[in-house]
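In my numbering, the protein residues as written are 138 to 374.
The C-beta atom is built at its ideal place from N, Cα and C for all residues, glycine as well.
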Amino acid sequence: MNKETYQLTTEILHTLQQAAQFFRTRSQPAYLVGGSVRDMLLNVPCTDWDIITVGDTPGLARQLANLLGGHYAHMNDKACRITIKQNQQEILLDISPLRGGNVEEDLRLRDFTINAIALPLSEVVISLTNGTALPLLDPLHGHTDLTNHCLRAVDDSTFQHDPLRMLRAVRFMQRYQLTIEPHTALMLSRDVLLLTQVAPERIHDELQAILQPPGGTTRLRFMDSHGLLTTLIPEFI
């Protein structure tokens with residue numbers, strides 16, 4: 138994939154260039170990760186960019202917000218958000234600390250292989266500017282799964298780390314027209330009771346995202362076949 142198959146708006150490309158220069162001048166490694174990389178590979182427009190780095194993440198995010206003329210918000214221990222408004226477009230940069238000892242360890246802590254792909258920020262800006270191939274860091278072969286429309290958990294404990302990921306799986310299947318990989322489907326049924334540990338407001342938000350688009354009946358049937366529906370609503374048993 139190269140610039141000919143994925144186009145950024147001038148505003149987004151300029152913002153990423155400035156961010157890359159910011160981290161480079163401070164000798165801080167920075168990577169695009171997660172949904173932003175996934176959407177680039179799927180050629181889906183993206184305005185929410187996930188960046189991981191090391192060091193004082195809140196301090197760096199605040200400095201970067203000042204440089205970009207954006208609004209800084211400390212969301213939680215995992216991320217700080219920079220909101221930039223340009224020409225009636227809102228660009229979001231979520232800056233998070235790298236988990237684990239290196240970027241590969243960070244990727245292995247994510248939910249699904251399609252979200253476990255990284256791009257060095259400085260190199261991706263060069264690639265998009267010059268139209269050369271994107272320098273993917275893809276230890277779990279998430280790009281192949283994207284190409285094959287396959288949803289695969291990163292490892293056998295994916296849903297145990299965060300049971301809400303079971304509902305995210307249903308949402309991703311619908312949004313990106315994916316088929317769940319057989320072992321990941323078995324994991325859904327195995328770990329389904331863990332959903333009762335998730336805060337109701339988190340479940341509500343995911344269910345709303347699952348059921349709002351057309352075709353909600355099909356997704357409800359899938360949830361029912363894996364025990365998700367009756368776990369969330371025992372009255373349906």
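Burial state of ASN252 (16 or more Cβ within 10 Å)
As a working note, residue 252 is residue 115 in the sequence shown. The residue in question, ASN252, is buried, as its Cβ has 16 or more Cβ neighbours within 10 Å.
Considering only the beta carbon of each residue, do GLY279 and GLN311 sit closer than 8 angstroms?
The sequence position of residue 279 within the sequence shown is 142, counting from 1. The sequence position of residue 311 within the sequence shown is 174, counting from 1. Taking 8 angstroms as the Cβ cut-off, GLY279 and GLN311 do not qualify as a contacting pair.
Other residues of its chain near GLU318: CB distance less than 7 angstroms, five sequence neighbours each side excluded:
Within the sequence shown, the letter at position 181 stands for residue 318. Result list for GLU318: CYS287, LEU288 and ARG289, in chain order.
Collapsed DSSP secondary structure at SER164 in the structure displayed
As a working note, residue 164 is residue 27 in the sequence shown. Note: SER164 maps to coil in three-state DSSP.
Spell out a yes or no on whether the segment 233-241 and the segment 297-312 are touching, meaning 3 or more CB-CB pairs, one atom from each, closer than 8 angstroms.
no
Tell whether a beta-carbon distance below 8 angstroms holds between VAL240 and ALA216.
The count along the sequence shown starts at 1 and reaches residue 240 at position 103. The count along the sequence shown starts at 1 and reaches residue 216 at position 79. No, Cβ-Cβ distance for VAL240 and ALA216 is not below 8 angstroms.
Distance between ILE263 and MET360 (C-alpha atoms, nearest Å):
Residue mapping note: residue 360 aligns to position 223 of the sequence shown, counting from 1. Residue mapping note: residue 263 aligns to position 126 of the sequence shown, counting from 1. Rounded to whole angstroms, MET360 to ILE263 spans 43 angstroms at the Cα level.
If you draw a straight line from the C-alpha of GLY364 to the C-alpha of VAL329, how long is it?
Position 227 of the sequence shown, counted from the start, is the residue given in the question as residue 364. Position 192 of the sequence shown, counted from the start, is the residue given in the question as residue 329. One C-alpha to the other measures close to 6 angstroms.
Would you report the Cα separation of VAL261 and PRO272, rounded to the nearest angstrom?
Here residue 261 is taken as the residue at index 124 of the sequence shown, counted from 1. Here residue 272 is taken as the residue at index 135 of the sequence shown, counted from 1. Their Cα atoms are separated by approximately 7 angstroms.
Using the rule of at least 16 other Cβ atoms within 10 Å of the residue's Cβ for burial, across every protein chain shown, is GLY207 buried or exposed?
Residue numbering aside, residue 207 sits at position 70 when the sequence shown is read from its first letter. By the 10 Å Cβ count, GLY207 comes out buried.
Is there contact between the segment 217-232 and the segment 187-202, where contact requires at least three CB pairs shorter than 8 angstroms?
yes
Which term fits GLY171, buried or exposed, when burial requires 16 or more other beta carbons within 10 angstroms of its beta carbon?
Along the sequence shown, one-based indexing puts residue 171 at 34. GLY171 should be labelled buried.
Taking only three categories from DSSP, how would you classify ILE347?
Indexing the sequence shown from 1 puts residue 347 at position 210. Helix at ILE347.
Residue environment, VAL181, which counts as buried when at least 16 other CB atoms sit within 10 Å
Here the question's residue 181 lines up with position 44 in the sequence shown. Exposed: under 16 other Cβ atoms inside 10 Å.
Count the other C-beta atoms from every protein chain shown that fall within 10 angstroms of the C-beta of SER173, then say buried if there are 16 or more, exposed otherwise.
Numbered from its first residue, the sequence shown carries residue 173 at position 36. Counting Cβ neighbours within 10 Å, SER173 comes out buried, since at least 16 surround it.
Give me the Cβ distance between LEU258 and ALA157, rounded to the nearest whole Å; I'm assuming they're in contact under 8 angstroms.
To locate residue 258, count along the sequence shown from 1; it is residue 121. To locate residue 157, count along the sequence shown from 1; it is residue 20. The pair is a contact, with the Cβ atoms about 5 angstroms apart (cut-off 8 angstroms).
For LEU230, the nearest candidate out of LEU178, THR266 and ILE149 (CA to CA):
Numbered from 1 along the sequence shown, position 93 holds the residue referred to as residue 230. For the residues LEU178, THR266 and ILE149, the minimum Cα distance to LEU230 belongs to ILE149.
Name the residue from LEU301, ARG327 and LEU366 whose alpha carbon lies nearest to the alpha carbon of ILE340.
Stepping through the sequence shown from its first residue, residue 340 is reached at position 203. The residue with the shortest Cα to Cα distance from ILE340 is LEU301.
Below 8 angstroms between beta carbons: does that hold for ALA346 and LEU325?
One-based indexing of the sequence shown puts residue 346 at position 209. One-based indexing of the sequence shown puts residue 325 at position 188. Contact: no.
If I measure Cβ to Cβ from VAL447 and keep anything under 8 angstroms in the same chain, skipping five residues before and after, which residues do I get?
Here the chain has residues from 138 to 374 only, and residue 447 is not among them.
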